[in-house]
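Following: one structure in structure tokens, then a few remarks.
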Amino acid sequence: MPTITIREAADHAGQVVRLQGWVHHRTDKGRLQFVVVRDGTGILQAVAFEKDLPPAAFAAARELTQESSIRITGTLRADARAPGGYELGIDDLEVVGLAEPEYPIQPKEHGVGFLMEQRHLWIRTPRQAAILRIRATIVRAIRAWLDGHGFVNVDTPILTPAACEGTSTLFGTDYFGTPAFLSQSGQLYNEATIAALGKTYCFGPTFRAEKSKTRRHLTEFWMVEPEMAFATLEDVMEVEEQFVSHIVATVLAEHRDALVDLLERDVTALEAVQPPFPRLSYDEAVARLQDGPFPDFPWGEDFGAPHESYLAEQFDRPVFVYHYPTAAKAFYMEEVAGRPEVCRSVDLLAPEGYGEIIGGGQRTTSTALLERRFAEHGLSRADYEWYLDLRRFGAVPHSGFGLGLERTVAWICGLQHVRETTAFPRMLEKIYP
RNA sequence: UCCGGCAUAGCUCAACGGUAGAGCAUCCGGCUGUUAACCGGAGGGUUACAGGUUCGAAUCCUGUUGCCGGAGCCA
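Start counting the first sequence at 246; every next residue gets the next number (the numbering used here).
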């Protein structure tokens with residue numbers, strides 16, 4: 246007798262099979278019990294008639310509580326009355342672990358505050374499980390595309406001696422008596438590794454101790470940061486549009502049903518994500534804002550969420566905004582030739598109000614410019630001697646970007662908040678469970 | 001950190017100055033086709049906390065805490 250998973254149930258219609266999983270829901274009809282089983286791959290209705298089971302097994306079926314783990318055997322058959330079209334006619338049942346009564350999460354509406362407190366159980370629900378599966382697919386697509394395009398995975402340290410960018414707040418810790426910080430970016434390190442390997446990327450957790458409290462912020466999130474030697478801003482945009490399109494196409498190919506059925510995602514919006522993406526200079530973007538609902542938007546300011554949403558709304562696919570004001574961006578950005586007030590940076594704004602999912606640009610090769618920026622940003626030059634070495638010994642034009650995994654998952658899945666994109670989100674003042 | 005809102009049974013909510021309630025969940029009973037089943041019964045509360053106003057406060061006022069939404073900042 247084969248032990249099957251629910252995903253492959255249709256292939257076993259007419260056969261006697263074994264299935265193990267958790268009780269998602271039970272309907273007690275007396276001498277007839279409906280047991281809806283969840284096994285991590287799907288959901289299947291099983292039905293136990295008293296006459297078909299050993300008396301002890303049927304008695305156990307009558308006592309099943311929500312989320313009890315069970316092992317059942319029976320005949321799998323097509324039945325239009327069952328959700329999903331297939332049903333398991335139980336002929337024996339074994340309780341593996343009887344769940345205590347009053348499982349907190351019911352098949353009804355709950356508040357998000359309550360669900361986050363129960364996150365360790367909430368992830369069992371089909372919708373949450375589907376999101377985590379899609380996240381895993383996105384991670385795989387990211388690695389597959391980069392690995393297939395000559396990038397070498399070089400992971401960078403999480404414990405770091407100083408700020409990478411100097412702007413955001415860092416989580417501090419003690420490193421054998423000296424202060425250390427949790428990394429907020431691996432980029433600076435990969436500016437070093439590209440001189441050894443050409444094209445590299447790091448992909449791991451990133452920490453920002455910002456007091457940010459919005460639907461697009463986590464204090465711990467994952468970021469993939471590709472970096473390329475001999476690459477310009479224009480090169481990076483071409484890479485980004487190919488890369489993002491591949492990620493979206495992979496999810497559509499593997500999870501269309503989950504997107505439509507469980508997440509109620511409008512997949513036509515995702516199907517539009519094909520290269521090339523529209524390109525807008527910061528100057529043009531500001532002009533659009535001023536001609537639109539933000540006539541007083543001052544040139545030089547960074548965009549807020551409403552501005553990003555307005556710009557992104559005008560296109561059916563992600564849009565690049567490049568050549569931001571130098572003052573609004575990180576210290577390592579290369580200047581635009583002849584216009585030092587703007588820099589060779591580029592952000593990628595996702596459609597449908599999801600905002601910036603990628604930030605990137607061309608890094609400066611000028612030690613003089615870096616030394617000036619350290620002073621302007623209040624950074625200690627001594628912390629960055631190694632970074633200056635990269636300019637002293639064979640500097641090349643180089644560029645890269647960082648893609649926020651959780652924002653990308655939220656966008657592709659059509660979620661209202663990034664907290665559902667990771668199993669155990671870390672948010673402002675929230676670290677349980 | 002700032003602005004706004006909310007806090008009543010395990011959950012989702014009602015009661016809005018006059019005896020604290022419902023649905024779901026739980027427990028007991030019934031039912032051979034349920035789809036968040038249905039029917040009958042039971043238990044379940046320091047109305048977030050502290051103070052104040054009042055004959056009387058879940059309700060009005062002040063403070064605290066927590067949560068939700070948004071902003072700034074960022075990916």
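All C-beta atoms in this analysis are idealised placements derived from N, C-alpha and C, irrespective of residue type, glycine included.
* Compare the beta carbon distance of Met672 and Leu463 with 8 Å and say whether it is the shorter of the two. => For the purposes of this step, residue 672 is taken as residue 427 along the first sequence, with counting starting at 1. For the purposes of this step, residue 463 is taken as residue 218 along the first sequence, with counting starting at 1. Taking 8 Å as the Cβ cut-off, Met672 and Leu463 qualify as a contacting pair.
Round the Cβ separation of Asp297 and Asp336 to the nearest angstrom and send it over; I've been treating them as touching at under 8 Å.
-> Translated into the one-based positions of the first sequence, residue 297 becomes position 52. Translated into the one-based positions of the first sequence, residue 336 becomes position 91. 5 Å between Cβ atoms; contact.
Residue range of the beta strand (DSSP E) that includes Asp273: Position 28 of the first sequence, counted from the start, is the residue given in the question as residue 273. Counting along the chain, the beta strand (DSSP E) containing Asp273 begins and ends at 261-273.
**Asked** Between the beta-carbon of Leu624 and the beta-carbon of Phe576, is there less than 8 Å?
**Response** Against the first sequence, residue 624 aligns to sequence position 379. Against the first sequence, residue 576 aligns to sequence position 331. Yes.
Following the continuous beta strand (DSSP E) through Gly647, name the residue where it begins and the one where it ends.
Translated into the one-based positions of the first sequence, residue 647 becomes position 402. Run containing Gly647: 643-649, per the beta strand (DSSP E) assignment.
Worksheet item: Can Val292 and Leu309 be called in contact, C-beta distance under 8 Å?
Response: Numbered from 1 along the first sequence, position 47 holds the residue referred to as residue 292. Numbered from 1 along the first sequence, position 64 holds the residue referred to as residue 309. Annotated as distal: Val292 and Leu309, with beta-carbon spacing of 8 Å or more.
**Asked** Under the three-state reduction of DSSP, which class applies to Gly393: helix, strand or coil?
**Response** Counting from one through the first sequence, the residue named residue 393 turns up at place 148. Reduced to three states, the DSSP call for Gly393 is helix.
Can you tell me which of the three DSSP states Thr412 falls into? Position 167 of the first sequence holds residue 412. At Thr412 the pLDDT is 46, less than 50, meaning the model places this residue with poor confidence; the figure from the coordinates comes in the next sentence. When secondary structure is reduced to three states using DSSP, Thr412 falls in the coil class, being assigned neither helix nor strand.
Chain-order list of residues whose beta-carbon lies under 7 Å from that of Gln487 (same chain, five-residue window excluded) | For the purposes of this step, residue 487 is taken as residue 242 along the first sequence, with counting starting at 1. Pro520, listed in sequence order.
- For the region 558-574 against the region 449-461, are there 3 or more C-beta pairs whose distance is under 8 Å? At 8 Å Cβ cutoff, the stretches do not touch.
Practice task
Inspect the CB distances between the region 301-315 and the region 256-269 and report whether three or more fall short of 8 Å.
Solution key: The region 301-315 vs the region 256-269: in contact.
Checklist line | Status (buried if at least 16 other CB within 10 Å, exposed otherwise) for Gln351 | finding: For this step, residue 351 is matched to residue 106 along the first sequence. Exposed, because fewer than 16 other Cβ atoms sit within 10 Å of the Cβ of Gln351.
Residue environment, Phe638, which counts as buried when at least 16 other CB atoms sit within 10 Å:
Counted from its first residue, the first sequence places residue 638 at position 393. It is exposed - the Cβ of Phe638 has fewer than 16 other Cβ atoms within 10 Å.
How many angstroms separate the CA atom of Glu674 from the CA atom of Asp419?
-> Taking the first residue of the first sequence as position 1, residue 674 is located at position 429. Taking the first residue of the first sequence as position 1, residue 419 is located at position 174. Straight-line spacing of the CA atoms in Glu674 and Asp419 works out to 21 Å.
- prompt: What's the C-alpha gap between Arg562 and Arg385?
  reply: Translated into positions along the first sequence, residue 562 becomes position 317. Translated into positions along the first sequence, residue 385 becomes position 140. Going from the Cα of Arg562 to the Cα of Arg385 covers about 22 Å.
- Item | Cα-Cα separation, Glu339 to Thr370 | Residue 339 sits at position 94 when you count from the first residue of the first sequence. Residue 370 sits at position 125 when you count from the first residue of the first sequence. Computed Cα separation, rounded: 23 Å.
Next item on the list: Measuring alpha carbon to alpha carbon, tell me which of Pro678, Leu660, Glu651 ends up nearest Ala381.
Entry: The count along the first sequence starts at 1 and reaches residue 381 at position 136. It is Glu651 whose Cα lies nearest to the Cα of Ala381.
* To do: With a 10 Å radius around its C-beta and 16 neighbouring C-beta atoms as the bar for buried, classify Ser644 as buried or exposed.
  => By 1-based counting over the first sequence, the position of residue 644 is 399. When all chains shown are included, Ser644 counts as buried.
ask   = Taking C-beta to C-beta, are Leu687 and Ala258 nearer than 8 Å?
value = Residue 687 is absent from the structure shown; the chain starts at 246 and stops at 678.
| request: With a 10 Å radius around its C-beta and 16 neighbouring C-beta atoms as the bar for buried, classify Arg510 as buried or exposed. | output: The residue labelled residue 510 in the question sits at position 265 within the first sequence. Counting Cβ neighbours within 10 Å, Arg510 comes out buried, since at least 16 surround it.
For Leu289 versus Gly329, is the C-beta spacing smaller than 8 Å? For the purposes of this step, residue 289 is identified with residue 44 of the first sequence, where counting begins at 1. For the purposes of this step, residue 329 is identified with residue 84 of the first sequence, where counting begins at 1. Taking C-beta atoms as the reference points, Leu289 and Gly329 count as a pair closer than 8 Å.
Leaving out five residues on either side along the sequence, give the residues of the same chain with a beta carbon under 7 Å from the beta carbon of Ala305. Looking up residue 305 in the first sequence gives position 60. Here the set comprises Leu338, Val340.
ask   = Closest by CA to Leu497, which one among Val481, Val663, Ala517?
value = Numbered from 1 along the first sequence, position 252 holds the residue referred to as residue 497. Leu497 has its Cα closest to that of Ala517, out of Val481, Val663, Ala517.
- Exposed or buried, Leu478, counting other C-beta atoms within 10 Å across all chains shown (16 or more means buried)? On the first sequence, position 233 is the one that residue 478 refers to. With 16 or more Cβ atoms within 10 Å of its Cβ, Leu478 is classed as buried.
request  = Could you please give the first and the last residue of the uninterrupted beta strand (DSSP E) stretch that includes Tyr331?
outcome  = Your numbering for residue 331 matches position 86 in the first sequence. Residue range 331-342 is occupied by the beta strand (DSSP E) that includes Tyr331.
| Can you tell me the Cα-Cα spacing of Glu665 and Leu508, whole angstroms? | Sequence index remark: in the first sequence, residue 665 carries index 420 (1-based). Sequence index remark: in the first sequence, residue 508 carries index 263 (1-based). Each residue's alpha carbon lies about 12 Å from the other.
Based on DSSP bridge pairs, tell me the residues matched to Pro424.
Sequence index remark: in the first sequence, residue 424 carries index 179 (1-based). Checking the DSSP bridge columns, you'll see Pro424 partnered with Asp419.
Exposed or buried, what is Phe669 when buried is set at 16 or more other beta-carbons lying within 10 Å of its beta-carbon?
By 1-based counting over the first sequence, the position of residue 669 is 424. Classification for Phe669: exposed.
Starting from the C-beta of Gly431, find all residues in its chain whose C-beta is less than 6 Å away, skip the five residues before and the five after it, and write them out in chain order. Counting from one through the first sequence, the residue named residue 431 turns up at place 186. Same-chain partners within the cutoff: Thr401, Cys447, Glu470.
- Query: Hey, how far is the Cα of Arg617 from the Cα of Glu630?
  - Reply: Here the question's residue 617 lines up with position 372 in the first sequence. Here the question's residue 630 lines up with position 385 in the first sequence. About 14 Å.
| In three-state terms, what does DSSP make of Ala293? | Translated into the one-based positions of the first sequence, residue 293 becomes position 48. The answer is strand: DSSP assigns Ala293 an E or B state.
Taking the continuous beta strand (DSSP E) assigned at Phe303, which residues delimit it?
Here residue 303 is taken as the residue at index 58 of the first sequence, counted from 1. Here Phe303 belongs to no beta strand (DSSP E); instead the alpha helix (DSSP H) covers 300-307.
key: Arg283 - partner residues in DSSP beta bridges   = Locating residue 283 in the first sequence gives position 38, counting from the first residue. Arg283 is bridged by DSSP to Trp267, Ile288.
Check: So Glu436 packs on Ile603, CB below 8 Å; how close in whole Å?
Finding: Position 191 of the first sequence, counted from the first residue, corresponds to residue 436. Position 358 of the first sequence, counted from the first residue, corresponds to residue 603. Taking C-beta atoms under 8 Å as the contact rule, Glu436 and Ile603 fail to qualify, at a distance of about 17 Å.
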